[in-house]
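Enquirer: In my numbering, the protein residues as written are 10 to 404.
Beta carbons: idealized from backbone N, C-alpha and C, even for Gly.
I have a structure here, written as structure tokens, and I will follow up with some questions on it.
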């Protein structure tokens with residue numbers, strides 16, 4: 010007999026990955042499922058990046074990499090931060106990891122002690138709370154609503170801070186709401202944090218370039234916050250490189266050194282071929298991926314227009330990323346086609362079983378009144394999905 014650890018027994022399964030697995034299972038059974046659940050671009054990695062990977066293979070890159078990344082990649086990241094974010098880092102402040110998820114886990118593991126609190130504006134990316142709990146921290150959820158554009162206010166931040174508060178984590182553009190914090194909104198939050206100088210901020214900017222309102226802002230741009238912010242980014246979303254698994258941070262040097270130390274005992278350096286390809290990706294102008302951003306923007310209009318025709322969906326137009334996060338609480342307490350809808354999880358399963366459309370429950374993101382739709386899908390799939398949902402709910 011053996012017993013699994015309390016750590017793993019208390020951990021929740023990723024709802025996005027669970028829904029993706031359920032979708033694959035139903036498709037294998039012959040069901041015509043339209044998958045709008047997974048946060049993954051449906052484009053191929055650009056050819057110029059693939060060619061760089063092939064060149065690296067031919068040049069016999071096959072050895073262990075430095076734990077914190079190739080020097081050439083760190084230099085490309087430094088240049089990218091300066092070019093796109095007006096942030097100045099040196100090599101000692103950069104750590105390359107096997108995906109931005111590992112970057113986040115590294116930061117949590119080197120910063121949090123048991124009982125330390127981490128403020129999470131809701132909705133938040135599905136893994137934030139579990140990563141914090143894995144590091145024995147305590148997630149503190151700050152609720153927002155569709156009426157407030159899913160943004161935390163300075164007053165809410167102030168009220169959430171306690172003597173145990175160690176960190177604030179947020180994403181902008183946000184997964185799952187698609188909302189983007191403006192520079193003015195970030196400054197207002199920073200003004201609150203100025204009164205609490207021991208709080209460290211994690212700014213997740215993985216969707217930075219998929220931004221439909223322009224003017225992406227980073228909390229670390231403010232001089233008084235620079236030494237208190239860990240900026241997390243990667244190439245998964247904007248460059249359609251989810252499977253290449255490369256993320257990185259720009260951080261105060263002591264935090265970066267700690268992350269390097271932690272990573273050295275867990276995975277060591279990230280994949281050598283992927284790193285060489287990412288050098289090419291980051292050195293390219295943003296215009297090289299503009300075609301994907303333009304497609305996402307046109308799909309956003311399509312799905313918003315069609316969703317607006319469905320009674321009971323309360324929506325706000327996302328400003329970035331590739332998600333729509335409608336409030337569906339109007340359906341709670343109703344029975345549709347024999348399905349009792351008690352919450353967003355029931356509603357998400359109803360759409361899967363009756364409309365054959367895969368989404369993700371808002372419970373996974375700390376916003377139980379909502380569900381997440383990914384529009385990283387073809388226009389035809391989006392149109393058919395909304396048609397099916399409208400028909401299923403017409404009863």
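1. For residue 357, which of helix, strand or coil comes out of DSSP?
2. Of all the options 93, 86, 95, which has the alpha carbon lying nearest to the alpha carbon of residue 102?
3. Around the C-beta of residue 141, are 16 or more other C-beta atoms found within 10 angstroms, so that it is buried, or is it exposed?
4. Where does residue 323 fall in DSSP's three states?
5. Considering only the alpha carbon of each residue, which of 212, 166, 209 lies closest to residue 197?
6. With burial defined as no fewer than 16 other Cβ atoms inside 10 Å of the residue's Cβ, what is the status of residue 272: buried or exposed?
7. Within the same chain, show all residues whose beta-carbon is closer than 7 angstroms to that of residue 42, passing over the 5 residues directly before and after it, in chain order.
8. Leaving out five residues before and five after residue 325 in sequence, what residues of the same chain have Cβ atoms less than 6 angstroms from its Cβ?
9. For residue 224 and residue 275, I'd like the C-alpha separation in whole angstroms.
10. Excluding the five sequence neighbours on either side, which residues of its own chain have a C-beta within less than 8 angstroms of the C-beta of residue 346, listed in chain order?
11. Along the chain, where does the alpha helix (DSSP H) that runs through residue 242 open and close?
12. The alpha helix (DSSP H) that contains residue 285, what's its start and end?
13. Rank 307, 342, 283, 343 by C-alpha distance to the C-alpha of residue 78 and give the top, closest one.
14. Going by the CB atoms, is the gap between residue 386 and residue 45 shorter than 9 angstroms?
15. Would residue 161 pass as a contact of residue 153 if the rule is Cβ separation under 9 angstroms?
16. How big is the Cα-Cα spacing for residue 11 and residue 120?
17. Looking only at its chain, what residues have a beta carbon closer than 7 angstroms to the beta carbon of residue 226, apart from the 5 residues adjacent to it on each side?
18. Tell me whether residue 258 sits in a helix, a strand or coil according to DSSP, three-state version.
19. Rounded to the nearest angstrom, what separates residue 293 and residue 243 at their Cα positions?
20. Considering only the alpha carbon of each residue, which of 333, 181, 75 lies closest to residue 1?
21. Would you check if the distance between the CB atom of residue 182 and the CB atom of residue 137 is smaller than 9 angstroms?
22. Look at the alpha carbon of residue 340 and the alpha carbon of residue 331, and state the distance between them as a whole number of angstroms.
23. From residue 306 to residue 374, what distance separates their C-alpha atoms?
24. Under DSSP, the alpha helix (DSSP H) around residue 28 begins and ends at which residues?
25. Can you list, in chain order, the residues of its chain with a C-beta nearer than 7 angstroms to that of residue 184? Leave out the 5 residues immediately preceding and following it.
26. For residue 122 versus residue 146, is the C-beta spacing smaller than 9 angstroms?
27. In the DSSP output, what is residue 343 paired with across the bridge?
28. Pick helix, strand or coil for residue 175, following the three-state DSSP scheme.
29. Measuring only the C-alpha atoms, how far is residue 391 from residue 175?
30. Hey, which unbroken runs of the beta strand (DSSP E) at 3 residues or more fall wholly within the segment 162-228?
31. Beta-carbon within less than 7 angstroms of residue 201's beta-carbon, same chain only, minus the 5 sequence neighbours each way: which residues are those?
32. With 16 other CB atoms within 10 Å as the buried threshold, where does residue 80 fall?
33. Identify, in the order they occur along the chain, each residue of the same chain with its Cβ nearer than 7 angstroms to the Cβ of residue 267, setting aside the five sequence neighbours on each side.
Expert: The short version:
1. helix
2. 86
3. Residue burial annotation: residue 141 is buried, with at least 16 other C-beta atoms found within 10 angstroms of its C-beta.
4. strand
5. 166
6. The residue is buried, with at least 16 neighbouring Cβ atoms inside 10 Å.
7. Cβ neighbours of residue 42 beyond the five flanking positions: 32, 35, 36, 365, 367.
8. 155, 158
9. 37 angstroms
10. 359, 363, 401, 404
11. From DSSP, residue 242 is part of no alpha helix (DSSP H) but of the beta strand (DSSP E) over 238-243.
12. Segment 281-292, the alpha helix (DSSP H) holding residue 285.
13. 283
14. Taking 9 angstroms as the Cβ cut-off, residue 45 and residue 386 qualify as a contacting pair.
15. yes
16. Spanning the two alpha carbons is a distance of roughly 32 angstroms.
17. Within the same chain, residue 226 has close Cβ partners 190, 191, 192, 195.
18. strand
19. 14 angstroms
20. Because the chain spans 10 through 404 in this model, residue 1 falls outside it and cannot be assessed.
21. no
22. 24 angstroms
23. For residue 306 and residue 374, the distance between alpha carbons rounds to 23 angstroms.
24. 24-37
25. 48, 134, 216, 330, 332
26. yes
27. 350
28. In the three-state scheme derived from DSSP, where H, G and I count as helix and E and B as strand, residue 175 is classed as strand.
29. As the crow flies, the alpha-carbon of residue 391 is around 41 angstroms from that of residue 175.
30. DSSP runs (the beta strand (DSSP E)) wholly in the segment 162-228: 174-180, 209-213.
31. Cβ neighbours of residue 201 beyond the five flanking positions: 163, 166, 167.
32. exposed
33. Closer than 7 angstroms at the Cβ level, and outside the excluded window around residue 267, lie 119.
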